[in-house]
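Novice: Using the working numbering, the letters of the sequence shown correspond one by one to residues 7 to 351.
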Amino acid sequence: MRLSTNFPSAVHLAFRSIPRVIAVAVGWGWALGCLAPSASAATGTPEIQRIASGSGGHVHPAICVTKSKAVLIAHFAEQDGKIFLLRSTDGGRTWNDLGPIADIGGVQPYPGALTTLRDGRIHLTWTTWRDPKDLKKGRRPSYATSGDDGLTWSAPRTLPLEYQAEGYIRHAIWERSDDEWVFPTGVGLISYNPATNRVSPFGDPQLFPGPLVQTKSGALLHGTGFRSTNDGKTWTRIDSSPNVSSYRDDLRALDNGWVVAAIADDDKTFRLVVSYDDGLSWKLDRSWVFYDPGRYIGRACPQLAQLDGEHLGVVFWDAEKTQPGSPSVFFARVNLDELKRRTTR
Numbered sequence: 007m008r009l010s011t012n013f014p015s016a017v018h019l020a021f022r023s024i025p026r027v028i029a030v031a032v033g034w035g036w037a038l039g040c041l042a043p044s045a046s047a048a049t050g051t052p053e054i055q056r057i058a059s060g061s062g063g064h065v066h067p068a069i070c071v072t073k074s075k076a077v078l079i080a081h082f083a084e085q086d087g088k089i090f091l092l093r094s095t096d097g098g099r100t101w102n103d104l105g106p107i108a109d110i111g112g113v114q115p116y117p118g119a120l121t122t123l124r125d126g127r128i129h130l131t132w133t134t135w136r137d138p139k140d141l142k143k144g145r146r147p148s149y150a151t152s153g154d155d156g157l158t159w160s161a162p163r164t165l166p167l168e169y170q171a172e173g174y175i176r177h178a179i180w181e182r183s184d185d186e187w188v189f190p191t192g193v194g195l196i197s198y199n200p201a202t203n204r205v206s207p208f209g210d211p212q213l214f215p216g217p218l219v220q221t222k223s224g225a226l227l228h229g230t231g232f233r234s235t236n237d238g239k240t241w242t243r244i245d246s247s248p249n250v251s252s253y254r255d256d257l258r259a260l261d262n263g264w265v266v267a268a269i270a271d272d273d274k275t276f277r278l279v280v281s282y283d284d285g286l287s288w289k290l291d292r293s294w295v296f297y298d299p300g301r302y303i304g305r306a307c308p309q310l311a312q313l314d315g316e317h318l319g320v321v322f323w324d325a326e327k328t329q330p331g332s333p334s335v336f337f338a339r340v341n342l343d344e345l346k347r348r349t350t351r
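(1) Since residue 69 sits in a beta bridge, which residues does DSSP pair it with?
(2) How would you call residue 171, buried or exposed, if buried means at least 16 neighbouring beta carbons within 10 angstroms?
(3) Can you find the residues in the same chain that come closer than 8 Å, C-beta to C-beta, to residue 316, ignoring five residues on each side of it along the sequence?
(4) If you pair each beta-carbon of the stretch 90 to 104 with each one of the stretch 144 to 151, do three or more pairs fall below 8 Å?
(5) Return the chain-ordered list of same chain residues with a C-beta closer than 6 Å to the C-beta of residue 91, the five sequence neighbours on each side being excluded.
(6) Go ahead and pull the three-state DSSP assignment for residue 290.
(7) Using the three-state DSSP reduction, which class does residue 141 fall into: helix, strand or coil?
(8) How long is the line joining the alpha carbons of residue 84 and residue 114, rounded to whole angstroms?
(9) Can you tell me which of the three DSSP states residue 350 falls into?
(10) What are the residues that DSSP puts in a beta bridge with residue 89?
(11) Can you give me the start and stop residues for the beta strand (DSSP E) that residue 220 sits inside?
(12) Tell me which same chain residues have a C-beta within less than 7 Å of the C-beta of residue 350, skipping the five on either side of it?
(13) Considering only C-alpha positions, which residue in the set 247, 245, 249 and 227 is nearest to residue 239?
(14) Taking the beta strand (DSSP E) that residue 322 belongs to, which residues open and close that run?
(15) Can you give me the Cβ contacts of residue 112 inside the same chain, cut-off strictly under 8 Å, excluding the 5 residues immediately before and after it?
(16) Please look up how many angstroms separate the CB atoms of residue 222 and residue 284, rounded, as I've assumed it's under 8 Å.
(17) Along the chain, where does the beta strand (DSSP E) containing residue 182 start, and where does it finish?
(18) Less than 6 Å separating the Cβ of residue 125 from some heavy atom of the ligand MN?
(19) Helix or strand or just coil, what does DSSP make of residue 172?
(20) Taking the continuous beta strand (DSSP E) assigned at residue 227, which residues delimit it?
(21) Pull up the distance between the alpha-carbon of residue 210 and that of residue 241, whole angstroms please.
(22) With burial defined as no fewer than 16 other Cβ atoms inside 10 Å of the residue's Cβ, what is the status of residue 28: buried or exposed?
(23) What's the C-alpha gap between residue 331 and residue 60?
(24) According to DSSP, simplified to helix, strand and coil, what is residue 278?
(25) So, with DSSP's three-state summary, where would you put residue 195?
(26) Using the three-state DSSP reduction, which class does residue 256 fall into: helix, strand or coil?
(27) According to DSSP, is residue 96 part of a helix, a strand, or is it coil?
(28) Going along the chain, which residues of its own chain have a beta-carbon closer than 8 Å to the beta-carbon of residue 279, five neighbours each way excluded?
(29) Using the C-alpha atoms, what's the distance from residue 206 back to residue 64?
(30) Tell me where the beta strand (DSSP E) around residue 129 begins and ends.
(31) From the DSSP output, which residues share a beta bridge with residue 115?
(32) Taking residue 153 as the reference, which of 183, 256, 121 and 347 has the closest Cα?
And the structure:
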């Protein structure tokens, strides 16, 4: 069952809800970072869809594109001990609610990320608190995998790490090889062997926190502004790099050689900025304020995924409780030509 979201833009927010299938077009011009009503999809301006309600603690959504080209979004209900999934088979135009994952170990999950592995499995992470009633006791990463586009999941596993206050996983892992996954955690890059369940440090111990991506050229980029061209043995500081070192932010390398950063640092907006040369240089004065409703939105925590050769997917949440529909998870399809126009003017 699915609901089309190709509604005309308007000056008001239109909301429709069908049990387990939710989609809304938002026409306030928020994606523009201005006060004018949003333009139609024909102009290149993305329409923002409300795809789920968000409540129960930290919600921060995650996104990936599966081997079958489905788009999968996870959003978290930390206090309720659940991770919910949404799936789209038409590039994010309409969504099906898959409900909660059956088994995450009976924990209260701090939000993590989604990654598509080379063999087609989906890898989902979250962070497990040692004691949700006493956060000072720390946390550490957990994960599960799915071989059928998120319909069923393996039993959860937790990395054999010490519990630490900043021991969270919020960004996608880097699959270095079949038997080595690199987790970008809040306490550094962790190399993990899923066959032996063993961990070890990876790369420069100063690289924390923040996302880690591999570009089209094979270079590694870290959200703290460092780049490696020798598989993480040595790192070079990119002076013009944006600061993407928070759980609020994200980094995504595209197939065309671009690298896109999503930055949310003021509780009212978030913006996109792009490197067009494999992460070697950035023009921070050419950022696109992507979402700006003119009020508090919370941390937003946007995450990115390349939907196809022409579109980027952006998922985020708005924590304002008084908005229509209460705190919500939103999604937008962004045309890459429009992204370039907005970030090179």
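Beta carbons are placed, not taken as given, at the ideal position from N, Cα and C, and that holds for glycine.
Specialist: So, to answer that:
(1) Sequence index remark: in the sequence shown, residue 69 carries index 63 (1-based). Note: residue 69 sits in a beta bridge opposite 79.
(2) Residue numbering aside, residue 171 sits at position 165 when the sequence shown is read from its first letter. So residue 171 ends up on the exposed side.
(3) The residue you call residue 316 lines up with position 310 of the sequence shown. Cβ within range, chain order: 341, 342 and 343.
(4) Three or more beta-carbon pairs separated by less than 8 Å are not found between the stretch 90 to 104 and the stretch 144 to 151, which leaves the two stretches without contact.
(5) The count along the sequence shown starts at 1 and reaches residue 91 at position 85. In the same chain as residue 91, and ignoring 5 residues on each side of it, the C-beta atoms closer than 6 Å to its own belong to 80, 104 and 156, in chain order.
(6) Counting from 1 along the sequence shown, the entry for residue 290 is found at position 284. Three-state DSSP puts residue 290 in a helix.
(7) Translated into the one-based positions of the sequence shown, residue 141 becomes position 135. Helix at residue 141.
(8) Locating residue 84 in the sequence shown gives position 78, where the first residue counts as 1. Locating residue 114 in the sequence shown gives position 108, where the first residue counts as 1. Answer to the nearest angstrom: the Cα atoms are 5 Å apart.
(9) Here residue 350 corresponds to residue number 344 of the sequence shown, with the count starting at 1. DSSP places residue 350 in helix when its eight states are reduced to three.
(10) Numbered from 1 along the sequence shown, position 83 holds the residue referred to as residue 89. According to DSSP, which records beta bridges pairwise, residue 89 is partnered with 82.
(11) If you number the sequence shown from 1, residue 220 lands on position 214. Note, residue 220: beta strand (DSSP E), 218 to 220.
(12) One-based indexing of the sequence shown puts residue 350 at position 344. The residues are 292.
(13) On the sequence shown, residue 239 is found 233 positions in, with the first residue counted as 1. Among 247, 245, 249 and 227, the Cα nearest to that of residue 239 belongs to 227.
(14) If you number the sequence shown from 1, residue 322 lands on position 316. First-last of the beta strand (DSSP E) with residue 322: 317 to 324.
(15) Residue numbering aside, residue 112 sits at position 106 when the sequence shown is read from its first letter. Taken in chain order, the residues that qualify are 87.
(16) In the sequence shown, counting from the first residue as 1, residue 222 sits at position 216. In the sequence shown, counting from the first residue as 1, residue 284 sits at position 278. About 7 Å separates the beta carbon of residue 222 from that of residue 284, a gap short enough to meet the 8 Å contact definition.
(17) In the sequence shown, counting from the first residue as 1, residue 182 sits at position 176. For residue 182, the enclosing beta strand (DSSP E) begins and ends at 180 to 183.
(18) No copy of the ligand MN appears in this structure; indeed no ligand is present at all.
(19) Residue 172 sits at position 166 when you count from the first residue of the sequence shown. Correct three-state label for residue 172: coil.
(20) The residue labelled residue 227 in the question sits at position 221 within the sequence shown. Taken as a continuous stretch (DSSP letters only), the beta strand (DSSP E) holding residue 227 covers 226 to 228.
(21) In the sequence shown, the residue the question calls residue 210 occupies position 204. In the sequence shown, the residue the question calls residue 241 occupies position 235. A direct Cα-to-Cα measurement between residue 210 and residue 241 gives close to 8 Å.
(22) Here the question's residue 28 lines up with position 22 in the sequence shown. Its pLDDT being 35, under 50, residue 28 is placed unreliably in this model, and the value from its coordinates should be taken loosely. Looking at its Cβ environment, which holds 16 or more other Cβ atoms inside 10 Å, residue 28 is buried.
(23) As a working note, residue 331 is residue 325 in the sequence shown. As a working note, residue 60 is residue 54 in the sequence shown. Each residue's Cα considered, the two are about 9 Å apart.
(24) As a first step, residue 278 must be located in the sequence shown, where it is residue number 272. It is a strand residue.
(25) The residue you call residue 195 lines up with position 189 of the sequence shown. When secondary structure is reduced to three states using DSSP, residue 195 falls in the strand class.
(26) By one-based count along the sequence shown, residue 256 stands at place 250. Residue 256 falls in the strand class under three-state DSSP.
(27) Start at 1 with the first residue of the sequence shown, and residue 96 comes out as number 90. In this structure, residue 96 counts as coil in the three-state DSSP scheme.
(28) Residue mapping note: residue 279 aligns to position 273 of the sequence shown, counting from 1. Excluding sequence neighbours, residue 279 sits near 248, 266, 267, 269, 288, 289, 290, 292, 293, 294 and 349.
(29) Numbered from its first residue, the sequence shown carries residue 64 at position 58. Numbered from its first residue, the sequence shown carries residue 206 at position 200. If you draw a straight line from the Cα of residue 64 to the Cα of residue 206, it is about 28 Å long.
(30) On the sequence shown, residue 129 is found 123 positions in, with the first residue counted as 1. Run containing residue 129: 128 to 135, per the beta strand (DSSP E) assignment.
(31) Locating residue 115 in the sequence shown gives position 109, where the first residue counts as 1. For residue 115, which the question treats as bridged, DSSP gives the partners 134.
(32) Position 147 of the sequence shown, counted from the start, is the residue given in the question as residue 153. Comparing C-alpha distances from residue 153 to each of 183, 256, 121 and 347 shows the shortest one belongs to 121.
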